[in-house]
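Everything on this sheet refers to the single structure shown next.
Residue numbers (the numbering used here), protein chains in the order written: chain C, 1 to 307; chain F, 308 to 614.
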């Protein structure tokens, strides 16, 4: 799947990932009203609104971007109806040829990790029946528990050609509180980067990159440059562009000389583009899909300046 | 809720938490057959089997233990049907007066954490309608992202009297890979313990303990003693007893002099007791609830020797 992601980045000449983190407060009212008319102002109504919103976004960007990244929390909060919308979003995006990065950031001991792994990127068995449940292509994981919490995913990555992005250095303001602590002169995030690089050797793709990638926040340009050296064959999933304040220049260091090695996520900057100063004069709320498309093209061009 | 947990520990004279991590391979066949007859060998059939298994366990232990800890991964792997079984398990246990610790180990940036927080321990709104979705009393969290990834939960803890257990030192074999790294002579887990202690001051209960607790593995006796000093007013959720190899003596240091300060989890050791050498001569598979009850009593008595 890392190879498929790379080929898609090359074909579409775009390293942009669209983060599908919809919130009701920026789902246009015509979508919400239709969902509420059908299911009421309920968890099901909210979930239906998110799904329909996502479908329109996907319709408008699928030919431009290699991947989408649904954030499971946005759906999980609405219970089983929300989780169904998460799964339906994945299914719809897959049918449109997109690579799916499930942003789930799970972490647990080995026996529990195996259950997450089988459900999200492997197969779940019920006696002699076998099910592919969530169908993400990649998922994100948290490394705090160490290798035996990651290993249960590596087998499924190799068996089913799936992939991981493991948190190394996150984009949020307090990320340094633990990640920047110094161990013998090196930061924790660098130590974790070294581990991810090492774990990645167990799951190499055919195009020179590992199936085990890293999350490296765009809000830390110096650190991402440093981490690029620590993890030369690791693909970076880079959050923080746009709404979180990072510019294309900030993330130039995430890319290798081949122009590969990183995909950059933007969520609100794309899916809520129609609410931004820049686009709201041109696009009505009903045209949020077209605004998202325009924002994707702008981001693609911006990124292509630096990679 | 931390106060309710403490009162229940005192009333039942028991610091045992029953981990509800059911797996199909130890759900007795009479339960599975009934579930499959109703829903087929499907995700729904598997989920129904887990739910019925849990209900029998809860029926047999609810008067003895203060809390249960469902591990969401065991349900999430079966998709929406599994998540429904997780929620139905919580509902059933709450009706039996048990405190619910949702073992979800989530971690994300603030805006995303808010969605998890509202869904799991707060309220989710759909326009003017308000929903309590998962209804856990406590949830577990991973601290790798720092304070702004935890803060969105603290408000809901105080507003709705809920609680957290934040991973400090986990029970798994590779937990030291990151957690034991030395920062200026102190381990990462100690640094995280200091942070949790500090965060906890924002959410004190009335009985001297904070609503913000810590996960401290029983498999590390020296470290848990050290952490007890670092976090004097923090309740510990202690995994690793029994199946993971720790004994009561190993976790004596988790308790304060008041005999409080820790609850100790056992999952397979209790819910799959009927499969263990010790119990399988006395109990048939159909009597797995009675075996679990006997295992709870044995664990209670074992823990009460050291606390």
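Each residue gets a CB set at the ideal place from its N, CA and C atoms; glycine is no exception.
Please read these numbers as outputs of a predicted model, since none were measured by experiment.
* What residues of chain C sit near residue 481/F, judged by a beta carbon separation below 8 Å? -> Residues of chain C passing the Cβ test: 145, 146, 147, 148 and 149.
* **Straight-line Cα distance separating residue 585/F from residue 467/F** => 42 Å
* Asked: residue 164/C to residue 4/C, Cα distance in whole Å?
  -> 14 Å
* **Under 7 Å by beta carbon: chain F residues contacting residue 142/C** => Near residue 142/C (Cβ distances below 7 Å), the residues of chain F are 414, 449 and 451.
* Look at residue 400/F and residue 461/F and say whether their C-beta atoms are less than 7 Å apart. => Result no, Cβ atoms of residue 400/F and residue 461/F do not sit closer than 7 Å.
* Anything in chain F within Cβ reach of residue 191/C, meaning under 8 Å, just list it in chain order. => 485 and 488
* Look at the alpha carbon of residue 533/F and the alpha carbon of residue 318/F, and state the distance between them as a whole number of angstroms. => 28 Å
* To do: With DSSP collapsed to three states, give me the class of residue 123/C.
  => coil
* For residue 385/F, name the three-state secondary structure that DSSP assigns. => The three-state secondary structure of residue 385/F, taken from DSSP, is coil.
* Using only the heavy atoms of the ligand FMN, determine whether one of them is closer than 6 Å to the beta carbon of residue 451/F. => The ligand FMN is not part of the structure shown, which contains no ligands of any sort.
* Asked: Under 7 Å between C-beta atoms, does residue 132/C make it to chain F?
  -> By this cut-off, residue 132/C is not an interface position.
* Asked: Which word fits residue 29/C, buried or exposed, when buried means at least 16 other C-beta atoms lie within 10 angstroms of its C-beta?
  -> exposed
* Determine the chain F residues that contact residue 119/C at a beta-carbon separation under 9 Å, and present them in chain order. => Neighbours of residue 119/C on chain F, chain order: 380, 383, 384, 385, 386 and 389.
* Asked: Do we get a CB-CB distance below 7 Å when we pair residue 555/F with the residues of chain C?
  -> no
* To do: Report the neighbours of residue 434/F on chain C: residues whose CB is nearer than 7 Å to its CB, in chain order.
  => 41
* In terms of alpha-carbon separation, which member of 548/F, 553/F and 428/F lies closest to residue 574/F? -> 548/F
* Asked: Cβ of residue 170/C less than 7 Å from any chain F Cβ?
  -> yes
* To do: Give, in chain order, every residue of the segment 351-375 of chain F whose Cβ lies closer than 9 Å to some Cβ of chain C.
  => 352, 353 and 356
* residue 466/F - containing beta strand (DSSP E), residue span -> First-last for residue 466/F: 458-467, but that is the alpha helix (DSSP H), not the beta strand (DSSP E).
* Contacts around residue 110/C, its chain only, beta-carbon distance under 6 Å, and the 5 residues preceding and following it disregarded -> 148 and 152
* Asked: If the cut is a Cβ gap below 9 Å, which residues of chain F does residue 299/C touch?
  -> Those within 9 Å of residue 299/C in chain F number zero; the least Cβ separation is about 19 Å.
* Asked: When you compare each of 541/F, 576/F, 453/F and 383/F to residue 563/F by their alpha carbons, which one comes out closest?
  -> 541/F
* Could you tell me whether the Cβ of residue 423/F comes closer than 7 Å to any Cβ of chain C? => yes
* Asked: Between residue 52/C and residue 82/C, what straight-line distance do the alpha-carbon atoms span, to the nearest angstrom?
  -> 12 Å
* **Helix, strand or coil at residue 85/C [DSSP, three-state]** => Helix.
* To do: Hey, could you find the ends of the beta strand (DSSP E) residue 102/C is sitting in?
  => 99-106
* Among 229/C, 281/C, 98/C and 158/C, nearest to residue 205/C - alpha-carbon criterion -> 158/C
* residue 282/C: contacting residues in chain F (beta-carbon distance under 7 Å) -> Proximity of chain F to residue 282/C at the Cβ level (cut-off 7 Å) is not reached, the minimal Cβ distance being about 26 Å.
* Note the first and the last residue of the continuous beta strand (DSSP E) segment covering residue 70/C. => 67-70
* For residue 326/F, does the three-state DSSP call read helix, strand or coil? -> strand
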